[in-house]
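In the working numbering, the protein residues as written are 2 to 187.
Just so it is clear, CB atoms sit at the ideal spot from N, CA and C, and this is done for glycine as well.
What follows is a set of notes on a single structure, which appears directly below.
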Amino acid sequence: MPGKLFVFSAASGAGKTTLINKVMPLFPNIVYSISATTRGPRPNEIDGVHYFFKTKEEFKKMIENNELVEWNEVHGNYYGTPKFFVEQKLAEGRDVAFDMDVFGKINFDKVYPQAIGILILPPNLEELEQRLQDRKTETRETLKIRIGNARKETDFALAEGKYEHVIYNEDLETAAAELKGIIERY
């Protein structure tokens, strides 16, 4: 029996990664998809574990060779989902969780319309900005870009995205319980 696909989308800083990391260990059959990116690794990120880190030239070659289910340019870097990983895990009967921006999900849904979309939102943009500042990984300019992108991504996702579930991540424990309940239904 083929696995299920869970696609998580959120603006940077909405708490998506923290939420996913808290809930996924409860579901041993779900494997986390590894995306390819041209973004440089953050401290403690490992190639082939957190992302497949690629140069822009390598990434463009993957696009040319049709090796990605979807891809997009976000915050000046490329992100995409390698086909080989998805197909291998589905064939093994594993469920696969994806971390994908809202625009990439539109293309992903064309290939995998059965994917279950889960949109994670911050309580408001002020809280999002504070979370991004607390990371201490953003310059004033990148912070401004991320907040502007968050507004556009959220508006697009709510109006045109295919998200069966929306979680407002105001309180981590409450959001985690909600996410756990959603996954258990499938």
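Residue i Cβ short of 7 angstroms to the ligand ZN heavy atom set
i, result
"residue 44", "Although the ligand ZN was asked about, the structure shown includes no ligands whatsoever."
For residue i, the residue or residues it bridges with in DSSP
i, result
"residue 126", "According to DSSP, which records beta bridges pairwise, residue 126 is partnered with nothing at all."
"residue 82", "71"
"residue 159", "None; residue 159 has no bridge partner."
"residue 110", "In the DSSP output, where bridge partners are listed per residue, residue 110 has none listed."
"residue 120", "10 and 167"
"residue 54", "38"
"residue 99", "8"
"residue 32", "97"
For residue j and residue i, the rounded distance between their alpha carbons
i, j, result
"residue 70", "residue 82", "5 angstroms"
"residue 41", "residue 54", "7 angstroms"
"residue 137", "residue 131", "10 angstroms"
"residue 176", "residue 61", "37 angstroms"
"residue 1", "residue 37", "Any answer about residue 1 is impossible in this case: the structure gives the chain only from 2 up to 187."
"residue 126", "residue 19", "18 angstroms"
"residue 65", "residue 34", "21 angstroms"
"residue 39", "residue 32", "22 angstroms"
"residue 10", "residue 3", "23 angstroms"
"residue 78", "residue 17", "19 angstroms"
"residue 92", "residue 56", "29 angstroms"
"residue 51", "residue 21", "13 angstroms"
"residue 74", "residue 59", "14 angstroms"
"residue 194", "residue 88", "Absent from the structure is residue 194, since the part of the chain shown begins at 2 and ends at 187."
"residue 30", "residue 124", "30 angstroms"
Residues near residue i in its chain [Cβ-Cβ closer than 8 angstroms; skip 5 each side]
i, result
"residue 109", "8, 70, 71, 82, 99, 101 and 116"
"residue 76", "13, 40, 143, 146, 147 and 150"
Nearest candidate by alpha-carbon position, reference residue i, set the options
i, options, result
"residue 129", "94, 107 and 172", "172"
"residue 187", "84, 96 and 111", "96"
"residue 174", "5, 23 and 15", "23"
"residue 106", "51, 162, 67 and 58", "162"
"residue 80", "68, 90, 89 and 88", "68"
"residue 15", "185, 184 and 135", "135"
"residue 63", "159, 113 and 84", "84"
"residue 90", "6, 185, 49 and 48", "6"
Proximal residues to residue i (C-beta, below 6 angstroms), its chain only, five neighbours per side dropped
i, result
"residue 154", "12 and 103"
7 angstroms Cβ shell around residue i - same chain, five flanking residues per side excluded
i, result
"residue 139", "133 and 147"
"residue 181", "24 and 27"
"residue 179", "168"
"residue 152", "126"
Check your understanding: Is the number of C-beta pairs between the segment 111 to 131 and the segment 166 to 179 that are closer than 8 angstroms three or more?
Key -> These segments touch.
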